[in-house]
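Remarks on the structure that follows.
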Amino acid sequence: MHIMPTTGVDAFAKGDILQVLLVAILFGFALSMVGPRCKPLIDLFDALTHAVFGVVNILMKFAPIGAFGAMAFTVGKYGITALGPLLKLILTFYVTCIAFVFVVLGLIAYGAGFSIWKFLRYIKEEILLVLAISSSEPAIPTLMAKLENLGCSKSLVGLVVPTGYTFNTDGTSIYMTLAALFVAQATNTPLTLGQQLTIFAVAVLTSKGASGVQGASFIALVATLTVIPSIPVAGMALILGIDRFMSMFRALINMVGNGVATVVVARWEKELDRQALAQRLA
6 MHIMPTTGVD AFAKGDILQV LLVAILFGFA LSMVGPRCKP LIDLFDALTH
56 AVFGVVNILM KFAPIGAFGA MAFTVGKYGI TALGPLLKLI LTFYVTCIAF
106 VFVVLGLIAY GAGFSIWKFL RYIKEEILLV LAISSSEPAI PTLMAKLENL
156 GCSKSLVGLV VPTGYTFNTD GTSIYMTLAA LFVAQATNTP LTLGQQLTIF
206 AVAVLTSKGA SGVQGASFIA LVATLTVIPS IPVAGMALIL GIDRFMSMFR
256 ALINMVGNGV ATVVVARWEK ELDRQALAQR LA
């Protein structure tokens with residue numbers, strides 16, 4: 006699979022995402038095994054992460070100018086019908102996200118003893134906030150407070166929600182797989198079933214940690230596409246102009262998924278007041 010790098014630095018120098026992921030995972034396990042002695046290094050990585058995403062955030066502020074130019078050229082040369090495929094991508098993504106919430110998360114919620122409809126109504130203020138700013142991070146404090154009020158223990162909420170915001174990014178995973186396939190189709194790049202499964206597996210991994218800053222998922226998608234060299238990364242420009250519309254639902258699904266997961270984990274660990282859950286949702 007060409008997954009073992011020649012050296013630790015070689016993977017980063019060549020930009021081979023599979024090798025980078027392997028090094029990162031092994032390094033993470035090593036840091037976890039060593040324990041508190043590695044805290045200064047972890048703090049350094051945390052600071053570097055914020056700095057890198059800060060740079061991405063600055064660059065993304067100029068993205069609307071580039072998107073405007075790209076769309077103006079496309080519409081001017083090929084007509085308004087050229088935007089049809091982009092509209093179909095947005096609608097496909099929205100329908101997929103809605104189906105995921107009410108079918109997948111709905112069944113999970115039903116198995117845990119509560120209604121997904123009532124849960125969504127309970128966190129409606131957070132839903133509106135996320136849709137307005139296209140980021141799920143600002144909704145964390147009020148979401149955690151509402152989950153505690155729902156009957157989940159404070160210690161469990163304090164562990165599961167922040168962890169979920171890093172590792173349980175359902176919306177980002179859906180976005181990255183759909184967007185990668187769209188770019189492949191738009192650039193007439195045929196993909197085998199093995200290549201599609203590779204994109205799926207890598208997207209699930211690279212989506213972790215990409216939800217914290219608006220626009221970070223777009224950058225993570227670029228890294229995912231490098232796994233299949235035949236897909237031109239320049240094709241990402243096709244969806245740059247609609248990234249804002251997709252990031253709304255992307256962030257929303259991330260938040261809803263983590264909220265449902267917290268209640269489910271609380272039930273598993275017997276850290277849930279079921280009477281309070283029923284009363285609050287009613």
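Just so we're aligned: the sequence shown equals residues 6 to 287 in my numbering.
Idealized CB from N, CA, C, for every residue including glycine.
| query | Where do the N-terminal and C-terminal ends of the alpha helix (DSSP H) with methionine 149 fall, by residue? | reply | On the sequence shown, position 144 is the one that residue 149 refers to. Run containing methionine 149: 145 to 154, per the alpha helix (DSSP H) assignment.
| request: State the beta-bridge partners of leucine 277 as determined by DSSP. | output: Walking along the sequence shown from the start, residue 277 turns up at place 272. Note: leucine 277 sits in a beta bridge opposite Cys157.
| query | Does DSSP put leucine 27 in a helix, in a strand, or in coil? | reply | In the sequence shown, residue 27 corresponds to position 22, counting from 1. Leucine 27 falls in the helix class under three-state DSSP.
| Taking just the CA atoms, how far does lysine 275 sit from isoleucine 70? | Start at 1 with the first residue of the sequence shown, and residue 70 comes out as number 65. Start at 1 with the first residue of the sequence shown, and residue 275 comes out as number 270. Computed Cα separation, rounded: 51 Å.
| task | If I'm right that alanine 225 touches methionine 181 with Cβ under 8 Å, what's the distance once you round it to whole angstroms? | result | Here residue 225 corresponds to residue number 220 of the sequence shown, with the count starting at 1. Here residue 181 corresponds to residue number 176 of the sequence shown, with the count starting at 1. Between methionine 181 and alanine 225 the Cβ distance is about 7 Å, and since that is below 8 Å, they are a contact.
| said: Quick check on DSSP: helix, strand or coil for threonine 101? | reply: The residue given as residue 101 occupies position 96 in the sequence shown. Correct three-state label for threonine 101: helix.
| query | Are threonine 177 and asparagine 259 close, meaning C-beta to C-beta below 8 Å? | reply | The count along the sequence shown starts at 1 and reaches residue 177 at position 172. The count along the sequence shown starts at 1 and reaches residue 259 at position 254. In contact: threonine 177 and asparagine 259 (Cβ atoms closer than 8 Å).
| request: Compute the distance between the beta-carbons of leucine 152 and valine 270, then report whether it is under 8 Å. | output: For the purposes of this step, residue 152 is taken as the residue at position 147 of the sequence shown. For the purposes of this step, residue 270 is taken as the residue at position 265 of the sequence shown. No. Outside cutoff.
| field | Distance, threonine 174 Cα to glycine 292 Cα | value | The shown model of the chain, from 6 to 287, leaves out residue 292, and the question about it has no answer.
| said: When you compare the CB positions of threonine 229 and isoleucine 204, do they come within less than 8 Å of one another, or not? | reply: Start at 1 with the first residue of the sequence shown, and residue 229 comes out as number 224. Start at 1 with the first residue of the sequence shown, and residue 204 comes out as number 199. It is a contact, given that the beta carbons lie within the stated cut-off.
| query | Quick one: what's got a C-beta closer than 7 Å to leucine 136's C-beta in the same chain, skipping five residues either side? | reply | Position 131 of the sequence shown, counted from the first residue, corresponds to residue 136. Cβ neighbours of leucine 136 beyond the five flanking positions: Met253 and Leu257.
| request: Report yes if the CB atom of arginine 285 is closer than 8 Å to the CB atom of alanine 117, and no otherwise. | output: For this step, residue 285 is matched to residue 280 along the sequence shown. For this step, residue 117 is matched to residue 112 along the sequence shown. Not in contact: arginine 285 and alanine 117 (Cβ atoms no closer than 8 Å).
| said: Using 8 Å as the cut-off, can you tell me whether the segment 232 to 244 makes contact with the segment 187 to 206, which would need three or more C-beta pairs spanning the two stretches below that distance? | reply: yes
| request: State the DSSP-derived secondary structure class of leucine 46, mapped to helix, strand or coil. | output: Here residue 46 corresponds to residue number 41 of the sequence shown, with the count starting at 1. Leucine 46: helix per DSSP, three-state reduction.
| said: Between Pro90, Phe223 and Cys102, which has its C-alpha nearest isoleucine 179's C-alpha? | reply: The count along the sequence shown starts at 1 and reaches residue 179 at position 174. Ranking the options by Cα distance to isoleucine 179, first place goes to Cys102.
| What residue does the alpha helix (DSSP H) around glutamate 130 start on, and which one ends it? | Position 125 of the sequence shown holds residue 130. Residues 129 to 138.
| query | Are the segment 235 to 246 and the segment 182 to 195 touching, with three or more C-beta to C-beta distances below 8 Å? | reply | yes
| In chain order, what residues of the same chain lie with their CB nearer than 6 Å to the CB of valine 109, ignoring the 5 residues before and after it? | Position 104 of the sequence shown, counted from the start, is the residue given in the question as residue 109. Excluding residues within five positions, none has a Cβ falling inside 6 Å.
| task | Return the Cβ separation of alanine 281 and leucine 155 in integer angstroms, given the expectation that the two are a contact with Cβ distance under 8 Å. | result | Looking up residue 281 in the sequence shown gives position 276. Looking up residue 155 in the sequence shown gives position 150. At roughly 7 Å, the Cβ-Cβ gap stays under 8 Å, so alanine 281 and leucine 155 are in contact.
| said: Quick check: leucine 210 and leucine 36, are their CB atoms within less than 8 Å of each other? | reply: Mapped onto the sequence shown, residue 210 falls at position 205. Mapped onto the sequence shown, residue 36 falls at position 31. No, Cβ-Cβ distance for leucine 210 and leucine 36 is not below 8 Å.
| query | Which class does methionine 9 belong to by DSSP, given the choice of helix, strand or coil? | reply | Stepping through the sequence shown from its first residue, residue 9 is reached at position 4. DSSP places methionine 9 in coil when its eight states are reduced to three.
| Alpha carbon to alpha carbon, what distance is there between alanine 184 and aspartate 48? | Translated into positions along the sequence shown, residue 48 becomes position 43. Translated into positions along the sequence shown, residue 184 becomes position 179. Taking the straight line from one Cα to the other gives about 33 Å.
| query | Does DSSP classify aspartate 21 as helix, strand or coil? | reply | The residue given as residue 21 occupies position 16 in the sequence shown. The answer is coil: DSSP assigns aspartate 21 none of H, G, I, E or B.
| task | Take the Cβ of tyrosine 127 as the centre, count every other Cβ of all protein chains shown within 10 Å, and call the residue buried at 16 or more, exposed below. | result | By 1-based counting over the sequence shown, the position of residue 127 is 122. Result: buried.
| task | Work out the CA separation of isoleucine 8 and leucine 196 for me, nearest whole Å. | result | For this step, residue 196 is matched to residue 191 along the sequence shown. For this step, residue 8 is matched to residue 3 along the sequence shown. Those two C-alpha atoms are separated by around 20 Å.
| message | Please report the distance separating the alpha-carbon of glycine 89 from that of valine 39. | response | Translated into the one-based positions of the sequence shown, residue 89 becomes position 84. Translated into the one-based positions of the sequence shown, residue 39 becomes position 34. Their Cα atoms are separated by approximately 53 Å.
| Between the C-alpha atoms of phenylalanine 17 and arginine 279, what's the straight-line distance to the nearest angstrom? | Position 12 of the sequence shown, counted from the first residue, corresponds to residue 17. Position 274 of the sequence shown, counted from the first residue, corresponds to residue 279. So the two alpha carbons sit approximately 49 Å from each other.
| query | Cβ atoms of valine 268 and cysteine 157: under 8 Å apart, would you say? | reply | One-based indexing of the sequence shown puts residue 157 at position 152. One-based indexing of the sequence shown puts residue 268 at position 263. Yes, they are a contact pair.
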